[in-house]
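Residue numbers (this note's numbering), protein chains in the order written: chain X, 1 to 377; chain V, 378 to 876. Ideal Cβ placement from N, Cα and C applies to all residues, glycine included. Report on the structure given below.
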Amino acid sequence: MGFADFVSDATARLLGGIGRSSITVPVMDGPLKPNDILEEASEILQETGIDNLVASVDGFLFTSGNRLLRLQEGQRPEPVMEFEAEIMSLAAAPDGGLAIGLDGGGVLLRAPDGTQHRLIEAAAANCPTAMAFSDARTLIVCNGSRNTGSQDWQRDLLELGRSGSLLRINVADGRCETIARKLAYPSGVSMMPDGSVIVSEAWRHRLLRLRPGRADPEPVLSDLPAYPGRINRGSGGGYWLCAFAVRSQLQEFILREHSYRKLMMAEVHADYWIAPALRSGLSFKEPLQAGGVIRLGIHKPWAPTRSYGLVMLLDSTFAPVASAHSRAGGRHHGATSVLESDSGDILIAAKGAGKLLRIEAATLSTVADRTKLGSAI
Amino acid sequence: MTPIVELRRASKAFRGVPAFEDVDFTLSRGEVHALLGENGAGKSTLTKVIAGVHTLTSGHLMINGEEMVLNTPSEALSKGIAMVYQENSLVPSMTVAQNIYLGNEKAFNRLRGIYIAAQQFLQSLNFHVDPSALVGTLGAAQKQMVEIARAVHHRAQVIIFDEPTATLTPEEKSYFFKLITTLKKQGVSVIFISHALEEALQIADRITILRDGRLVASDRTENFDREKIVRAMVGRELTGEIYGRTRVRAARARGAKVLSVENLSMGNMVRNTSFSIFAGQVTGIFGLVGSGRTETLKVVAGVMKRDFFFGGAVKFEGRPVRFRVPAPAVQKGIVYVTEERKAEGFFETMGIAENIYMGELSKERGGGLKIISMAEAVDLAEDWRKRLNIRAIDPNAKVIELSGGNQQKVVIAKALVQQPKLVIFDEPTRGVDVGAIAEIHHFINYLADQGIAVVVISSYLPEVLSISDRILVARQGRIVEEMEPTQATEERIMYAAVH
Chain X
1 MGFADFVSDA
11 TARLLGGIGR
21 SSITVPVMDG
31 PLKPNDILEE
41 ASEILQETGI
51 DNLVASVDGF
61 LFTSGNRLLR
71 LQEGQRPEPV
81 MEFEAEIMSL
91 AAAPDGGLAI
101 GLDGGGVLLR
111 APDGTQHRLI
121 EAAAANCPTA
131 MAFSDARTLI
141 VCNGSRNTGS
151 QDWQRDLLEL
161 GRSGSLLRIN
171 VADGRCETIA
181 RKLAYPSGVS
191 MMPDGSVIVS
201 EAWRHRLLRL
211 RPGRADPEPV
221 LSDLPAYPGR
231 INRGSGGGYW
241 LCAFAVRSQL
251 QEFILREHSY
261 RKLMMAEVHA
271 DYWIAPALRS
281 GLSFKEPLQA
291 GGVIRLGIHK
301 PWAPTRSYGL
311 VMLLDSTFAP
321 VASAHSRAGG
331 RHHGATSVLE
341 SDSGDILIAA
351 KGAGKLLRIE
361 AATLSTVADR
371 TKLGSAI
Chain V
378 MTPIVELRRA
388 SKAFRGVPAF
398 EDVDFTLSRG
408 EVHALLGENG
418 AGKSTLTKVI
428 AGVHTLTSGH
438 LMINGEEMVL
448 NTPSEALSKG
458 IAMVYQENSL
468 VPSMTVAQNI
478 YLGNEKAFNR
488 LRGIYIAAQQ
498 FLQSLNFHVD
508 PSALVGTLGA
518 AQKQMVEIAR
528 AVHHRAQVII
538 FDEPTATLTP
548 EEKSYFFKLI
558 TTLKKQGVSV
568 IFISHALEEA
578 LQIADRITIL
588 RDGRLVASDR
598 TENFDREKIV
608 RAMVGRELTG
618 EIYGRTRVRA
628 ARARGAKVLS
638 VENLSMGNMV
648 RNTSFSIFAG
658 QVTGIFGLVG
668 SGRTETLKVV
678 AGVMKRDFFF
688 GGAVKFEGRP
698 VRFRVPAPAV
708 QKGIVYVTEE
718 RKAEGFFETM
728 GIAENIYMGE
738 LSKERGGGLK
748 IISMAEAVDL
758 AEDWRKRLNI
768 RAIDPNAKVI
778 ELSGGNQQKV
788 VIAKALVQQP
798 KLVIFDEPTR
808 GVDVGAIAEI
818 HHFINYLADQ
828 GIAVVVISSY
838 LPEVLSISDR
848 ILVARQGRIV
858 EEMEPTQATE
868 ERIMYAAVH
C-alpha cells in the first residue's frame, strides 16, 4: 500500500467508514432474490471437479480435472482426451476447433482435423480462466492472474490481486496481444453481436465491456453481490452468468485488514482461511457457515455464507432478470459454468458439488415472467 | 332514557362558511357511536363543539337533557366530556406520567408517587409505555396511547376519540378495542371517529355518517355494511377504486435500480438493513410501529443521519450518497413525504400557494439570489390544485384550515413540485378519507407509470397489498422479507412482520 492509499484509507476510516471502509455488501433482492431453483435442479451427472461446459460440433463437452469428456444422452460420459495439467478453460471454435487452457500450461489448440499444438506458452497465460472465440481465427483469453494458478484463486483474492489481463490471440500465427491489463481476476468472457468483448472482473464484482477499437473498458454491470465468473450468451439475446461465490461483510472486512490477512495466510491452512469457497462444510475447522433460523419455511443464515450456488440471467443490456440459487445449507454450490441447450434447458456445472445440473427452461422463465422482465427469454 | 349528549338542528360556520348544518345527533349512555365521513365532512368540528373547543352558530347542545353552551374544553371536562385528538395535544417536554396527571395535580406532587400510579394505571390499560419517558421522545403510537390514557384517567362519562387507531399496531388495536368494551360496560359513552370502516363496523353500536356538513345516515350498526357506508360517505361507488388494483392488473415491470441501501445502521432503530428500490414501480414497505421503516427511509432522504462509524452505505443511481440534511437529497431527486404532516409536512400559517412554492424554492441550491414571485406561486398552486383535486373553501385559506385529505394533497404537491426521481410516501393515507385515498392512490400509480421510483410505507395491509408492485417487510430495524404481490397475503406479510 502506497502512502497515498494509506492516507486515503485512514481518512475514510476516521470519517466514519465511507467508501470501501464502509464494509457493505449489495443486497440480493429484486431479480436476485434468493430461491431454491438451483438447489432443486435435477442432477444428471456426478463428476468430481466438473467444469467448462461447451457445445462443440462434437457434442457437449466438459472437463473434470485434467480430462476432457463428452456428454452423451443416456450414457456415461466418454473420455476424449487427457492433459498433463488441469484444464482451466475450454472454448469451441465455429469451425470445429477447440482451445484448451491449462493450469500453468498456456493454451493448446486442437484443430478440426485432430492435430494439436500449443497456441501460447505458460509465460503468457499461466492462469487461463476463460476463453471465447470472437471468430474462427481470433481467440480471447482471460488470464486470471499473473502470479497464481487455478488452485490459488483464494490467495489472489486475499492478496487483492490486480494482475489479470485479457489477451487476443490470432489462431493462425499465434500472435498474442494484451487488450486489457490490471484486471482483478477476469474469470469469464463472452462476445457481443457488435464484436464487443464482455469480461467478468471477479474481485471488482462487475462486468466490463471492451468495444472494438476502444482501449478503455466500460463497466456494464457493477456492484454485484457475488464474484462473477463465466458468462455465456443465451438464445434469447440475454446472457447467463455464473457467480462462483458470494460476497459477505465478513469477507469485505477481511479484505481491508491487511495485517490480519497476511497473518492468516501465513499461519492458517488455506482450507480454513476466511475466504469464499466452491464448497464448504467439509470440516469443523472451516469458518462458520449456515448458522441461522427458519423463517417462512426458509433457512435464513446469520453466519456469513462461505459457499453458494448462483446463476443469473441478464438481459441484452446486462440488467439482471432472474436468478437460480442454492443457498447456505444447500448442496449445489460453486456453479462455475452454464450452457443453454437446444431445447432451452439450462445445464449448470456445479464444480463445488461435483454435479451437472439441469433446470428446465420454463422454471427461470416463470421467475422472469413473474417480474414482467421476460425480454431476454 | 335521556341521551347523555344531544345536538338539535346544530350548525357551525367559520367566517360564514358552514362546517356542518342542521345536524341532529344523539349519544346514549354506554353507547359506542361511530362518526364517519370524508375529510371535510364536518366530523371533527362537530365533536369539537361537544368537547367545548367551538360553540354552535345555531341550534342546541343538550348534556343530560339540559341545554348548555360549553365555551372551553375544561368546561366540557367538568361536565364529564373528554376528547382524544387525532393530532395529540400532549406536552412534549413533560413525562408521560406528568401528562396523564396534567390538570389533575394535587397541591404537592411527589414525582415518584405519580410515576408509580401512572405505571399501574398504564398497565391496567395494557399500554406498554414508560411513565418516566419524555413525551417528545415517544413514537406516534405511544403518544396516542398516552392521550387515550389521559382521557380515561379523567373518568370522563363521554370520551371522543378522533382517529384513535391510525397509529396503533394490530395488537395495540385489539387492546384498544377491549378497552372501549370495558369503558362501555362501565357506562361510559364513546364517540369514535375513524376512516377504517371495518373498525366502525366491528366496534360501534350505532353509526352516523356526515357528508359535506350534513347528516346523511344514522342507524344501528347491524343495518350497515361496508359498501353502504362508502356510498353514503362519498355519494358514489368506490369499491373498485380502493384496494382493488391487484385484482385488475399485474405488477409493473421493474426498471433500473435507483436506490441501493447496504448494511445501513442507525442506533437501535435501523440495524444493518439492506434493500433496493427500482424505477417505475411502487415498492410497499410494511412493518409494525418500531420496525424502523420510517427511520430507514428518513436516513435515505437526509432527514436523519446514519451511524457515524460503519453506518452502511446508500447508493443512489449507482453512486454513494450521504445526506446530512434533506436539501441535497431533494436536489439529487429524493423527496420524503412525511407521516406527520402537521409537524413536518407544511407551514400551517401559510396558504396553499406559499406552501407549494416552498417546495419549488427548495429544489434549487442556495447561493444565488432567487426572486420570489407570488404570481408564479399562485400559478403553480393552481396547476397542482387541479392535478391533485385540492378542495379548499377559500383558495387563500391557511393549510391548517383544510381537511386532512386536502392537507395531505398539499404536502404531496409540495414534494412533487421538486421533480423527484424517488418519492418516499410515509403513511400517505393516514387520517385521510376514502374519497381522498382513492385520489392519492391514483396519483401514486400515475407517478410509477411515469417511471418514477415510488416507495409507500404503510401500516395498513390492504393498502400495501393493493398499491405495491413489490412488497418489503420490515422487522426490528431491518428488511426481512421481499414478496411479490401475487404471492403476498395479509397473513404472510403479518407473519413476516412479527416473527
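Secondary structure at residue i, three-state DSSP: helix, strand or coil?
| i | result |
| --- | --- |
| Q116/X | strand |
| N441/V | coil |
| L364/X | helix |
| D5/X | helix |
| Q46/X | strand |
| Y239/X | strand |
| S56/X | strand |
| P128/X | strand |
| I381/V | coil |
| H325/X | strand |
| D216/X | coil |
| N66/X | coil |
| T623/V | Note that T623/V scores a pLDDT of 45, beneath 50, so its modelled location is shaky; the value from the coordinates is reported in the next line. Three-state result, T623/V: helix. |
| M192/X | coil |
| P77/X | coil |
| L842/V | helix |
| M751/V | helix |
Is the distance from the Cβ of residue i to the Cβ of residue j below 8 Å?
| i | j | result |
| --- | --- | --- |
| G352/X | S307/X | yes |
| K520/V | V529/V | no |
| A865/V | I844/V | no |
| R406/V | I427/V | no |
| G782/V | D810/V | yes |
| G238/X | R279/X | no |
| A349/X | L53/X | yes |
| L119/X | V197/X | no |
Count the other C-beta atoms from every protein chain shown that fall within 10 angstroms of the C-beta of residue i, then say buried if there are 16 or more, exposed otherwise.
| i | result |
| --- | --- |
| H505/V | exposed |
| D539/V | buried |
| N600/V | exposed |
| M860/V | buried |
| H269/X | exposed |
| V468/V | exposed |
| Q563/V | exposed |
| E378/X | Only positions 1 to 377 of chain X appear in this structure, which leaves residue 378/X out of reach. |
| V567/V | buried |
| G114/X | exposed |
| G59/X | exposed |
| P212/X | exposed |
| I377/X | Low per-residue confidence applies at I377/X: pLDDT is 29, beneath 50, and the placement is therefore not dependable enough to give any value. |
| T424/V | buried |
| K732/V | At residue 732/V the sequence reads Asn, which differs from the Lys that was named. Classification of N732/V: buried, given that the 10 Å Cβ count is 16 or more. |
| L310/X | buried |
| Y462/V | buried |
Within the same chain, show all residues whose beta-carbon is closer than 7 Å to that of residue i, passing over the 5 residues directly before and after it, in chain order.
| i | result |
| --- | --- |
| R181/X | S165 |
| G828/V | G632, A656 and G657 |
| G664/V | R670, V850, A851, R852 and A874 |
| P79/X | R67 and L69 |
Please go through the same chain and pick out, in chain order, the residues whose beta-carbon is closer than 6 Å to the beta-carbon of residue i, but skip the five residues on each side of it.
| i | result |
| --- | --- |
| G429/V | L447, T449, P450, E452 and A453 |
| H375/V | Nothing can be reported for residue 375/V, as the shown portion of chain V is limited to 378 through 876. |
| E777/V | For the sequence presented, residue 777/V should be read as Ile rather than Glu. The residues are E725. |
| A136/X | A93, P94 and D95 |
| R624/V | Confidence at R624/V is low in this model, with a pLDDT of 43, below 50, so the placement of that residue should be treated as unreliable; the coordinate-derived value is given next. Hits under 6 Å: none found. |
Using a Cβ-Cβ cut-off of 8 Å (strictly less than) and excluding sequence neighbours within five positions of residue i, which residues of its own chain qualify?
| i | result |
| --- | --- |
| Y272/X | S283, K285, E286 and P287 |
| M727/V | M735, K775 and V776 |
Mind checking if residue i is an interface residue toward chain B, Cβ cutoff 8 Å exclusive?
| i | result |
| --- | --- |
| E672/V | Judged by its chain identifiers, the structure shown contains no chain B, and its protein chains are X and V. |
Does the segment 60-75 of chain X come close enough to the segment 679-694 of chain V to have 3 or more Cβ pairs within less than 8 Å?
no
Cβ contact (3+ pairs, closer than 8 Å) linking the segment 322-333 of chain X and the segment 31-43 of chain X:
yes
Check whether the segment 144-157 of chain X and the segment 215-225 of chain X touch, using three or more Cβ-Cβ pairs below 8 Å as the test.
no
Give a yes or no on contact between the segment 747-755 of chain V and the segment 703-717 of chain V, applying the rule of three or more CB pairs nearer than 8 Å.
no
Is it a yes or a no for the segment 227-247 of chain X touching the segment 185-198 of chain X, going by three-plus beta-carbon pairs under 8 Å?
yes
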